[in-house]
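Heads up: the sequence shown runs through residues 6 to 857, numbered per full-length UniProt numbering. Even for Gly, the Cβ is constructed at its ideal location relative to N, Cα and C. Nothing here was measured: the structure is a model prediction, and the numbers come from that model.
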Amino acid sequence: PRTIRLAEYTPPSHLVEGVELQFTLAPRTTRVRSAIRFRPNPARPDAVAGTADLRLDGEALTLIRAAIDGTVLAAAPDATGLTIPAAALPAGPFLFEAEVEIAPETNTALEGLYMSKGMYCTQCEAEGFRKITFYPDRPDVMAPFKVRIESDLPVLLSNGDAVGQGPGWAEWHDPWPKPAYLFALVAGDLVAHSDRFTTRSGREVALNIWVRRGDEDRCAYAMDALKRSMKWDEDTYGREYDLDVFNIVAVDDFNMGAMENKGLNIFNSKYVLASPETATDDDFARIEAIIAHEYFHNWTGNRITCRDWFQLCLKEGLTVFRDQSFSGDMRSHAVKRIEDVLTLRARQFREDAGPLAHPVRPASYQEINNFYTATVYEKGAEVIGMLKRLVGDEAYRRALDLYFERHDGEAATIEDWLKVFEDATGRDLTQFKRWYTDAGTPHLRVTDDYRDGTYVLHLEQQTLPTPGQPEKPPRVIPVAVGLLNPNGDEVLPTRVLEMTEARQSFSFEGLSARPVPSILRGFSAPVIVERETSAEERAFLLAHDTDPFSRWEAGRGLAKEVLVRMVTEGADPAPGFLEGLGAILRDDSLDPAFRALTLRLPSEDDMAQTLHAAGHVPDPTRIHVRREALIEAIARHLAGALGATYSAMSVPGPYTPDAGAAGKRALRGAALAYLTRIDGGAAAKVQYGVADNMTEALQALSALLDIGQGAAELASFEARWRDDALVMDKWFTLQVLHAAPDDCAANARALTERSDFDWKNPNRFRSVIGAIAANAAGFHHPSGDSYRFLADWLIRLDPLNPQTAARLSAAFDSWARYDADRQGLIRDQLARIAATPGLSRDLSEMISRMRG
Ligand code: DPP
Ligand code: ZN
6 PRTIRLAEYT PPSHLVEGVE LQFTLAPRTT RVRSAIRFRP NPARPDAVAG
56 TADLRLDGEA LTLIRAAIDG TVLAAAPDAT GLTIPAAALP AGPFLFEAEV
106 EIAPETNTAL EGLYMSKGMY CTQCEAEGFR KITFYPDRPD VMAPFKVRIE
156 SDLPVLLSNG DAVGQGPGWA EWHDPWPKPA YLFALVAGDL VAHSDRFTTR
206 SGREVALNIW VRRGDEDRCA YAMDALKRSM KWDEDTYGRE YDLDVFNIVA
256 VDDFNMGAME NKGLNIFNSK YVLASPETAT DDDFARIEAI IAHEYFHNWT
306 GNRITCRDWF QLCLKEGLTV FRDQSFSGDM RSHAVKRIED VLTLRARQFR
356 EDAGPLAHPV RPASYQEINN FYTATVYEKG AEVIGMLKRL VGDEAYRRAL
406 DLYFERHDGE AATIEDWLKV FEDATGRDLT QFKRWYTDAG TPHLRVTDDY
456 RDGTYVLHLE QQTLPTPGQP EKPPRVIPVA VGLLNPNGDE VLPTRVLEMT
506 EARQSFSFEG LSARPVPSIL RGFSAPVIVE RETSAEERAF LLAHDTDPFS
556 RWEAGRGLAK EVLVRMVTEG ADPAPGFLEG LGAILRDDSL DPAFRALTLR
606 LPSEDDMAQT LHAAGHVPDP TRIHVRREAL IEAIARHLAG ALGATYSAMS
656 VPGPYTPDAG AAGKRALRGA ALAYLTRIDG GAAAKVQYGV ADNMTEALQA
706 LSALLDIGQG AAELASFEAR WRDDALVMDK WFTLQVLHAA PDDCAANARA
756 LTERSDFDWK NPNRFRSVIG AIAANAAGFH HPSGDSYRFL ADWLIRLDPL
806 NPQTAARLSA AFDSWARYDA DRQGLIRDQL ARIAATPGLS RDLSEMISRM
856 RG
């Protein structure tokens with residue numbers, strides 16, 4: 006496969022002034038007629054001089070007819086597109102027309118136009134439009150679209166505003182120039198949950214969430230989240246919606262979470278549909294975040310898009326940053342920050358530490374779909390958070406205003422983005438740019454000394470080599486620090502130290518006693534802090550730190566230390582840790598959601614990552630056994646407090662998804678998980694029996710499965726929900742995720758043999774195949790069964806849906822952490838996949854990167 010490089014970017018030879026598309030829909034024989042007005046790109050002298058060919062992308066299209074200015078073209082397409090030689094192009098603007106035939110029904114890759122249970126829908130990001138018709142399918146070609154859809158289906162949707170409709174047809178016009186990846190079309194027998202929003206300048210916007218009949222009563226929360234997102238973007242970023250209608254469609258077969266197509270967002274139904282009976286608190290929170298994310302793309306992604314796919318983080322990092330801020334404003338900033346850091350470490354730090362490490366802005370790729378990663382998204386968001394911390398809130402807003410003013414309607418780059426910050430603040434961001442170009446997570450070593458009232462922090466940064474990047478020059482790291490007195494008072498409120506050198510010291514004078522430092526408050530930079538510190542000091546910060554993130558982090562550090570010693574030395578759980586946890590549990594002044602997070606132990610995968618980083622070879626089986634022992638020790642030690650918390654946190658009245666109630670349920674659920682270890686499952690059985698919402702039902706069921714019980718509950722769950730695919734996905738996942746290590750592969754295999762294991766549906770596929778990778782001790786079982794199982798399924802899915810197969814293959818990326826036997830077993834599977842004939846570009850790129 007060909008490697009595409011950022012350094013080889015060239016502007017398009019021709020620009021598009023307008024596109025008209027006409028679809029006549031049929032499952033096997035959809036006709037697409039296109040009329041595209043081209044003109045030579047003034048930035049391409051060869052095109053202006055009439056010597057540049059026009060290259061159009063096109064895949065799996067049957068060309069019926071193509072013409073330029075009415076003259077039929079003789080050129081025949083190749084496997085990836087159509088070249089029209091310069092000699093066949095008129096000087097100046099011209100009209101290209103084509104008629105092609107496509108078969109949405111047989112499109113299992115779910116890219117381009119495809120069908121999901123009788124409904125037509127599209128997914129064009131990143132390069133799906135080329136499977137619909139011939140077009141310069143690149144984000145720097147932006148054009149207004151007019152679309153006519155002909156079909157007997159009752160609901161026919163496309164981007165922009167509806168300009169006309171009648172029986173069997175509809176016409177849409179999107180006046181905002183957009184790249185082809187934001188094109189969308191939906192046709193189906195759908196019903197709408199509708200509402201309205203008035204923008205701050207008085208535009209009346211019709212809001213619709215389109216779903217399959219029967220799902221209308223599960224849209225209210227998504228609609229509420231949409232209206233709050235629209236208001237928030239006006240209030241916080243000054244951004245208003247720009248069309249008369251905003252449509253969202255829920256579809257059951259979808260590779261990603263959702264897609265921000267202009268005026269017509271398409272969502273995986275999992276991230277739209279919710280009712281108390283069917284969705285958990287976490288589902289509600291994710292729906293709120295994703296609705297916001299896709300809506301926010303209207304400005305950061307759509308009005309200003311990316312010049313090329315290397316700039317993906319320009320829209321994704323920024324939009325994730327915006328949705329995280331939104332969720333923080335809607336809920337609790339402290340809790341949201343901790344959750345985001347947990348995700349970042351679990352996914353992005355892991356990625357950065359392995360063979361798949363890549364910069365936030367990659368410099369090359371074979372298949373761009375493989376770069377919709379935690380690095381581009383979550384680390385991309387962290388980089389923006391750092392920028393904001395460095396320049397301050399007010400300058401950040403000025404820079405963003407300038408960004409929207411300067412680049413509206415354009416396809417921009419990271420250079421453009423950094424330039425607005427330089428122009429708005431006068432800062433030089435040359436060094437800061439390394440966050441975009443250099444892969445790897447910096448390690449920040451911290452030592453200190455104190456003499457005569459002066460406290461000095463010595464910081465040292467180092468980033469380990471990553472694939473293709475052996476040298477890592479120092480980066481700008483904003484390190485937020487506070488200092489506490491030994492009595493717990495804060496003597497230095499949070500200050501951001503700006504580290505720019507490999508080694509740097511910062512002094513604090515006039516102190517009356519040696520302070521306790523609180524470092525990297527709010528997780529001010531995506532780095533790994535290394536500091537020799539005592540358990541006493543961590544316990545002190547857990548009890549006294551005024552920064553909620555650092556307080557949680559102190560508890561996290563303690564838990565990891567305890568677990569490391571339990572795993573490597575066979576130590577018993579440290580009593581000090583159990584006491585500290587107990588104090589947090591009993592502290593009613595603390596947000597229940599925060600307490601729940603503090604009670605959650607580091608995951609087994611996190612411990613494997615931690616042990617590996619500390620120079621050990623992690624044994625997943627042993628980590629599992631020792632972590633289970635710690636859970637039991639906590640349960641025994643804190644039984645009284647856990648029981649009291651369990652009672653106190655019960656939420657009376659009907660279920661509401663708000664953060665307050667969800668936090669109480671989270672703490673109650675955490676208590677239940679511990680109590681189940683010592684009461685034989687009694688409380689969990691009761692909770693399962695009376696639960697009137699999915700959150701409490703799943704908490705109970707998971708707790709039971711963790712102690713090897715829950716068979717009756719699983720059966721009753723299945724009996725109740727067998728016809729509800731989204732709920733049944735949870736049922737599938739639970740039995741793999743909570744399986745004992747010896748049962749994990751067998752459970753997964755048995756589930757895939759059921760007739761309702763519809764493996765062509767990405768959600769169902771992930772519910773089992775994704776879950777096995779998430780059960781660390783089960784996945785890394787010494788038999789290698791789970792590795793084989795995963796490889797079998799990747800090989801089977803790849804010819805049908807390469808994107809999802811490639812995504813899940815990343816489960817193998819941590820192979821180098823483990824012992825020689827496991828490394829050998831994983832490498833055998835990677836080799837077996839690599840040797841499969843006809844492997845997709847997606848999967849083959851992933852496998853070859855992992856094999857190194
Ligand atoms: N659907 C993906 C997202 O919104 C790609 N744009 O992030
Ligand atoms: Zn996005």
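Under 8 Å between the Cβ atoms of residue i and residue j?
i: I343; j: L602; result: yes
i: F762; j: R769; result: yes
i: P17; j: D142; result: no
i: L190; j: Y125; result: yes
i: L568; j: L647; result: no
i: R631; j: I683; result: no
i: N375; j: M733; result: no
i: R480; j: W440; result: yes
i: A404; j: V381; result: no
i: A306; j: I389; result: Ala is not the amino acid found at residue 306; the sequence shown has Gly there. Going by C-beta atoms, G306 is not nearer than 8 Å to I389.
i: E265; j: E209; result: no
i: D818; j: V622; result: no
i: R526; j: V486; result: yes
i: S814; j: L830; result: no
i: G63; j: R42; result: no
Note the first and the last residue of the continuous alpha helix (DSSP H) segment covering residue i.
i: W726; result: 716-726
i: G487; result: It is not in any alpha helix (DSSP H) - G487 instead sits in the beta strand (DSSP E) that spans 482-489.
i: M228; result: 225-242
i: K183; result: No alpha helix (DSSP H) contains K183, which is instead part of the beta strand (DSSP E) from 174-183.
i: G560; result: 553-574
i: S853; result: 846-856
i: T138; result: It is not in any alpha helix (DSSP H) - T138 carries neither H nor E in the DSSP assignment.
The beta strand (DSSP E) that contains residue i, what's its start and end?
i: C126; result: 124-128
i: E155; result: 148-155
i: Y823; result: No beta strand (DSSP E) contains Y823, which DSSP labels as neither H nor E.
i: A119; result: Note that residue 119 corresponds to Tyr in the displayed sequence, not to Ala. Where Y119 is concerned, the enclosing beta strand (DSSP E) stretches over 117-121.
i: A548; result: Where A548 is concerned, there is no enclosing beta strand (DSSP E), although the alpha helix (DSSP H) it sits in stretches over 540-549.
i: A211; result: 209-217
i: G193; result: 190-193
i: D62; result: 59-62
i: E506; result: Per DSSP, E506 belongs to no beta strand (DSSP E) and is neither H nor E.
Using 8 Å as the limit for Cβ to Cβ distance, is residue i near chain C?
i: A678; result: Considering every chain present, this structure includes no chain C. It has just one protein chain.
With a threshold of 7 Å (Cβ to nearest heavy atom), would residue i be considered close to the ligand NAP?
i: E321; result: In the structure on display, the ligand NAP does not appear, and the ligands it does have are the ligand DPP and the ligand ZN.
message: Is it the case that the stretch 542-562 contacts the stretch 571-578, given that we only count it when at least three CB pairs across the two stretches are under 8 Å?
response: no
- request: Check whether the stretch 839-849 touches the stretch 144-152, taking contact to mean three or more Cβ pairs, one atom from each stretch, closer than 8 Å.
  value: no
- prompt: Are the stretch 586-595 and the stretch 327-335 touching, with three or more C-beta to C-beta distances below 8 Å?
  reply: no
message: Check whether the stretch 487-504 and the stretch 428-447 are in contact - that is, three or more C-beta pairs closer than 8 Å.
response: no
message: Which runs of the alpha helix (DSSP H) at least 4 residues long sit entirely within the stretch 611-667? Give them in chain order.
response: 625-642, 644-653
message: Pairs of beta-carbons, one from the stretch 302-310 and one from the stretch 720-728, closer than 8 Å: are there three or more?
response: no
query: For the stretch 87-95 against the stretch 46-62, are there 3 or more C-beta pairs whose distance is under 8 Å?
result: yes
- request: Please confirm if the stretch 772-785 is in contact with the stretch 741-759, defined as three or more CB-CB distances below 8 Å between the two stretches.
  value: yes
- prompt: For the stretch 151-163 against the stretch 23-34, are there 3 or more C-beta pairs whose distance is under 8 Å?
  reply: yes
- prompt: Does the stretch 683-693 come close enough to the stretch 653-667 that 3 or more CB-CB pairs lie under 8 Å?
  reply: no
query: When the Cβ atoms of the stretch 644-658 are set against those of the stretch 607-624, are three or more pairs found closer than 8 Å?
result: no
message: Tell me whether the stretch 192-202 and the stretch 214-230 touch, counting them as touching only if at least three CB pairs, one residue from each stretch, are closer than 8 Å.
response: yes
- prompt: Would you call the stretch 507-516 and the stretch 533-542 touching, i.e. three or more CB-CB distances under 8 Å?
  reply: no
message: Threshold first: 4 residues or longer. Then list the alpha helix (DSSP H) segments lying entirely within the stretch 397-461, N to C.
response: 398-412, 419-430, 439-442
Three CB pairs or more closer than 8 Å across the stretch 245-261 and the stretch 115-123: yes
message: With three or more beta-carbon pairs closer than 8 Å as the criterion, would you say the stretch 273-284 touches the stretch 690-710?
response: yes
query: Touch check for the stretch 166-183 and the stretch 219-237: three-plus C-beta pairs under 8 Å?
result: no
field: Complete runs of the beta strand (DSSP E) confined to the stretch 15-46 [at least 3 residues]
entry: 19-29, 35-45
query: Taking contact to mean at least 3 C-beta pairs separated by less than 8 Å, is the stretch 197-206 in contact with the stretch 290-298?
result: no
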